[in-house]
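Visitor: Sequential numbering from 193 applies to the sequence shown in the working numbering. Ideal Cβ positions, reconstructed from N, Cα and C, are used throughout, including at glycine.
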Amino acid sequence: MMARTPLMAGNWKMNLNHLEANQLVQKLAWTLKDMKHDYADVEVVVCPPFTDLRTVQTVVDADKLEIGYGAQDMSAHDGGAYTGEISASMLTALGCTYVVLGHSERREYHDESDELVNAKTVKAIAAGLTPIVCVGEGLDIRKAGDQVAYTLAQVEGALKDIKAENVENLVIAYEPVWAIGTGEVATPADAQEVCGAIREKIAELYDQETADAVRILYGGSVKSDNIADIMAEKDVDGALVGGAALKADEFAKIVRFKG
Ligand code: PEP
């Protein structure tokens, strides 16, 4: 089985203007450099607001930082009369390599359906972006014990008509909605239950090789003091980090979860 490179992705949400983004990326780079161990074995990605992307690109390019970046959403359309939208090719032109799709806040506040997430995923892949496709159940579904079935249906919806060779490069983030921004963390066993089921589902939809290649992240109140236990689970390959990604020291510690 091929080894999967751990991925720590910071979702800044609607925080930090371009000046603050400049500071945070530089501070993150210094902090990572100052740490005792290098972080070459962990991929680091930040997902700032659209308006910060050009600034992040400039800092990353100028200092040749090993920090990837991407957007928090994108349009399912290629271009044209879609006021307020941003296309995949606009993101790649800014050096983005990742895009978060189907975040629960997009699903909840912008009514994003599995069909729309699928359409965006198809466009992102076609443009050469790596989608970080977010899935995960709300509290009522967790209480009913239906988290696995619910989340797998979202995975299946997002991947509709996508070929195995494209699936192996994508990233799926399991983010139980009740754990996002609440301080409520899923236990490592909760994370493994669903992340393991997602990998099995991909093996069923495609094949074992594809399932072994896909990176599955956990997201939901990840912090430096809980990341190591979560990363110890066999089907968790990294984290999508919200609040803790806004502090360079804290995010750097998450990246260096091995100590
Ligand atoms: C997120 O927004 O994807 C997230 C996991 O947020 P937080 O880490 O703040 O719970």
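Our contact map puts residue 285 next to residue 321 with C-beta atoms below 8 Å; I'd like the distance itself, whole angstroms only.
Guide: That pair is no contact at about 11 Å.
Visitor: Of all the alpha helix (DSSP H) runs that stay within the bounds of the segment 355-410, which reach a length of 4 or more residues?
Guide: Runs found: 356-359, 380-397, 400-405.
Visitor: Have a look at residue 242 and residue 264 and give me their C-alpha separation to the nearest angstrom.
Guide: Rounded to whole angstroms, residue 242 to residue 264 spans 8 Å at the Cα level.
Visitor: Tell me which residues share the same chain as residue 435 and place their Cβ nearer than 7 Å to its Cβ, disregarding the 5 neighbours each side in the sequence.
Guide: Cβ within range, chain order: 373.
Visitor: Counting along the chain, where does the alpha helix (DSSP H) carrying residue 423 start and finish?
Guide: Unbroken alpha helix (DSSP H) run through residue 423: 419-423.
Visitor: Going by the C-beta, is residue 210 closer than 7 Å to any heavy atom of the ligand PEP?
Guide: No - the ligand PEP has no heavy atom lying nearer than 7 Å to the Cβ of residue 210.
Visitor: Going by DSSP, which residues form a beta bridge with residue 175?
Guide: The structure shown does not extend to residue 175, since the chain spans only 193 to 451, so no value can be given for it.
Visitor: Expressed to the nearest angstrom, what Euclidean distance is found between the alpha-carbon atoms of residue 361 and residue 351?
Guide: Distance between the alpha carbons of residue 361 and residue 351: 12 Å.
Visitor: Which complete alpha helix (DSSP H) runs does the segment 300-350 hold, if anything under 4 residues is left out?
Guide: Listed in chain order, the complete alpha helix (DSSP H) runs (minimum 4 residues) inside the segment 300-350 are 306-318, 331-335, 339-350.
Visitor: Using DSSP's beta-bridge definition, name the partner residues of residue 459.
Guide: What the structure shows of the chain is the stretch from 193 to 451, and residue 459 is not part of that stretch, so it cannot be assessed.
Visitor: With a threshold of 6 Å on Cβ separation, who are the neighbours of residue 403 within its own chain once the five nearest residues in sequence on each side are excluded?
Guide: 391, 394, 395, listed in sequence order.
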